[in-house]
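From first to last, the protein sequence lines stand for chains F and R.
Under UniProt numbering, the first residue of the first sequence is numbered 1, with each subsequent residue one higher.
Under UniProt numbering, the first residue of the second sequence is numbered 1, with each subsequent residue one higher.
Glycine included, each C-beta is placed from N, C-alpha and C at the ideal position.
Predicted model, so just to flag it, every value in this text is computed and none were measured.
Only one structure is covered here, and it is reproduced in the block below.
There are 2 protein chains.
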Amino acid sequence: MLSTTERTRLGRAADRAGTETADLYAILDAGLVCHLGVVRPDGAPMVVPTGYGRIGDTLYLHGSTGARSLRLDGEVCVTVTHLDGIVLARSAFHHSLNYRSAMVYGAPRKVTDPDERLAGLRAITEQLAPGQWDAVRAPDRKELAATLVLALPLTEASVKVRTGPPVDDEDDYALPLWAGVLPLRTSYGAPRPDPLLAAPYPVPSHIADRVHPSVPTGD
Amino acid sequence: MLSTTERTRLGRAADRAGTETADLYAILDAGLVCHLGVVRPDGAPMVVPTGYGRIGDTLYLHGSTGARSLRLDGEVCVTVTHLDGIVLARSAFHHSLNYRSAMVYGAPRKVTDPDERLAGLRAITEQLAPGQWDAVRAPDRKELAATLVLALPLTEASVKVRTGPPVDDEDDYALPLWAGVLPLRTSYGAPRPDPLLAAPYPVPSHIADRVHPSVPTGD
C-alpha cells in the first residue's frame, strides 16, 4: 500500500481512488511521457511533458543541465494519464472520460552516483523504446555531463481510474437517447526509416514488433 | 502573434518554439484533456488531467464547486500534449519524441454570467464529444449550481513542436544501425452501448463518424 498523505487523499472522487502499488506501477509502466509540474521561482506553476522511467520504487526523470524546469529545486508533481474512452451520457452534465491516471508527489533527489545515473537513463530510454539501450551507442562522457538525472521515490502517490458506461440520473435513463462509451486506442504506425540511413538496414524486431497489424475495436 | 513573456520564452528549445496563434489553437482544438497545473496552499505543485474547451481567445475549464484543484486561486498552467512518434536515434542520448504541445499561463477568471457559463460548458462538452450538447439533456439549475466555470485568456502561451527523423551526431550516421520514427496514432474503437439503453437506439452519426474503418499507417 502507498502511504496516504493529505494531498493524496482524493477529495471529490474517493470512489475512483486506488492505493495499490501494483496499479500505480502498471499505469506508470504503460506510459510514454509524464506531465511534470513544478513551481517556478515567481510562484507560478509550470507543467511540461517529459520522459521518465521506473526502477522498482523509484521514478527517474532527466533533463539538460541547462534546462529551466528541472533546475528548480523543491517539490514536483508527476502525472501520467491514459485515456481509455469518451463517456457519452444522456445529459451533458454526466459526460466524462474513462481513464487511468497516476500522480506522484515529492522532492526529487539529484542522482550523482555514476552507476545509478546510467541505470536511470537506461530506464528512461527503455520506457520510450524498449530494447534500444543495448542496440544503440551508449552515452559518452560529454553527453553524461550534460544530463541531469533526478530520482523521485514512489512513496507518495495516488491513482485514479474510471471505467464503464455512463452513470446518468435515474430519470434520464428513460430518455430516447443512445448512450455509451467511445473507446480510445493508441497504436503504432509503420516505422519510418531515417532518410539518412547508411544502408537499407531492416527495422529491428524490438521496434517492428510494437506495430500491430490492425487495431482491435469493440471489445 | 502571442505575447511573449519571460516564462513563455523557451530556454532550451527555442528552435522548437512557435508563437503563432493558429498553431496554438490547432493544438488545443485537437485535444481531449489538458494537464492543469496549480500550486497548492502548501506551496507544492499539483497536476491533474481535466477537460477544457475553447471559444475564440478564451479557454474554459470546469470543475465541481467542491473540488480542491479548481478552488485554488491564483496562477495556473494548462498544458495540452499530442504524441506523434517515437524518435529512434543511433545513440541513446538522441532518442526523443515527435510531439505538439501547448502551454497556457494565467490566472483564471471565475465565470459568473449565466450565458457565458452555459457557453463555456457547451465548449467543454463539445471538445470531448462534438454534437452531443444539442443531442442530450442540457444542465439543469441544480447541475449548474454545482459547476464551477473558469475562463483563461489565451494571451500568454507557448507552443513546442518536434517533427521529423532523429538528429544524430555526425559520426554516428555511419553506424550500422536502423534509425527512424515509430509513428503514434490515437483512434476510436467501435462505440459500446450502455447496457442500460432504454431501447436499441442506433449510434448517432456524430459519434459513429468519429470511428475510422482502419488506422492509416506509414504515411
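With a Cβ-Cβ cutoff of 8 angstroms, do residue i and residue j count as a contact?
i, j, result
"residue 92 of chain R", "residue 121 of chain F", "yes"
"residue 80 of chain F", "residue 37 of chain F", "no"
"residue 108 of chain F", "residue 151 of chain F", "yes"
"residue 157 of chain R", "residue 168 of chain R", "no"
"residue 187 of chain R", "residue 187 of chain F", "yes"
"residue 194 of chain R", "residue 165 of chain F", "yes"
"residue 138 of chain F", "residue 174 of chain R", "no"
"residue 23 of chain F", "residue 159 of chain F", "yes"
"residue 39 of chain R", "residue 39 of chain F", "yes"
"residue 35 of chain R", "residue 212 of chain F", "no"
Label residue i either buried or exposed according to how many other C-beta atoms from any shown protein chain fall within 10 Å of its C-beta, with 16 as the threshold for buried.
i, result
"residue 177 of chain F", "buried"
"residue 110 of chain F", "exposed"
"residue 90 of chain R", "buried"
"residue 50 of chain F", "buried"
"residue 205 of chain F", "exposed"
"residue 88 of chain F", "buried"
"residue 196 of chain F", "exposed"
"residue 45 of chain R", "buried"
"residue 15 of chain R", "Bear in mind that the predicted position of residue 15 of chain R carries a pLDDT of just 48, short of 50, making it too unreliable to give a figure here."
For the putative contact between residue i and residue j, defined by C-beta atoms under 8 angstroms, what is the C-beta separation to the nearest angstrom?
i, j, result
"residue 183 of chain R", "residue 117 of chain F", "At roughly 31 angstroms, the Cβ-Cβ gap does not stay under 8 angstroms, so residue 183 of chain R and residue 117 of chain F are not in contact."
"residue 33 of chain R", "residue 83 of chain F", "7 angstroms"
"residue 78 of chain F", "residue 47 of chain F", "Not really, about 10 angstroms apart at Cβ, beyond 8 angstroms."
"residue 55 of chain R", "residue 119 of chain R", "6 angstroms"
Excluding the 5 residues preceding and the 5 following residue i in the sequence, name in chain order all residues of the same chain whose CB lies nearer than 8 angstroms to its CB.
i, result
"residue 217 of chain F", "The pLDDT assigned to residue 217 of chain F is 36, lower than 50, so where the model puts this residue is not dependable; a value taken from the coordinates is nonetheless given after this. Around residue 217 of chain F: 183 and 185."
"residue 181 of chain F", "85, 86, 87, 88, 98, 164, 165 and 166"
Excluding five sequence neighbours on each side, which residues of the same chain lie with their C-beta closer than 7 angstroms to the C-beta of residue i?
i, result
"residue 124 of chain R", "51, 52, 53, 60 and 62"
"residue 130 of chain R", "206"
"residue 153 of chain F", "57, 58 and 106"
"residue 146 of chain R", "64 and 65"
"residue 13 of chain F", "The predicted model places residue 13 of chain F with a pLDDT of 48, which falls under 50 and marks its position as unreliable; any figure quoted below should be read in that light. Correct list, in chain order: 160."
"residue 172 of chain R", "90 and 91"
"residue 222 of chain R", "It is not possible to answer for residue 222 of chain R, since the shown part of chain R is limited to 1 through 219."
With a threshold of 6 angstroms on Cβ separation, who are the neighbours of residue i within its own chain once the five nearest residues in sequence on each side are excluded?
i, result
"residue 100 of chain R", "27, 82 and 161"
"residue 210 of chain R", "188"
"residue 230 of chain R", "Not covered by the structure: residue 230 of chain R. The range shown for chain R is 1 to 219."
"residue 127 of chain R", "53"
"residue 102 of chain R", "24, 27, 28, 80 and 159"
"residue 201 of chain F", "none"
"residue 94 of chain F", "166 and 168"
"residue 133 of chain R", "122, 125 and 126"
"residue 31 of chain R", "80"
"residue 141 of chain F", "none"
Taking 7 angstroms as the cut-off, is the C-beta of residue i nearer than that to any heavy atom in the ligand HEM?
i, result
"residue 46 of chain F", "The model on display carries no ligand, and the ligand HEM is accordingly not part of it."
Does any C-beta atom of chain A lie closer than 8 angstroms to the C-beta of residue i?
i, result
"residue 132 of chain F", "No chain A is part of this structure, whose protein chains are labelled F and R."
Ignoring anything shorter than 3 residues, give me the beta strand (DSSP E) runs that lie fully in the segment 167-204 of chain R, in order along the chain. 180-188
Ordered list of beta strand (DSSP E) runs contained in the segment 29-111 of chain F, each at least 3 residues: 34-39, 45-50, 53-55, 58-64, 76-88 and 96-106
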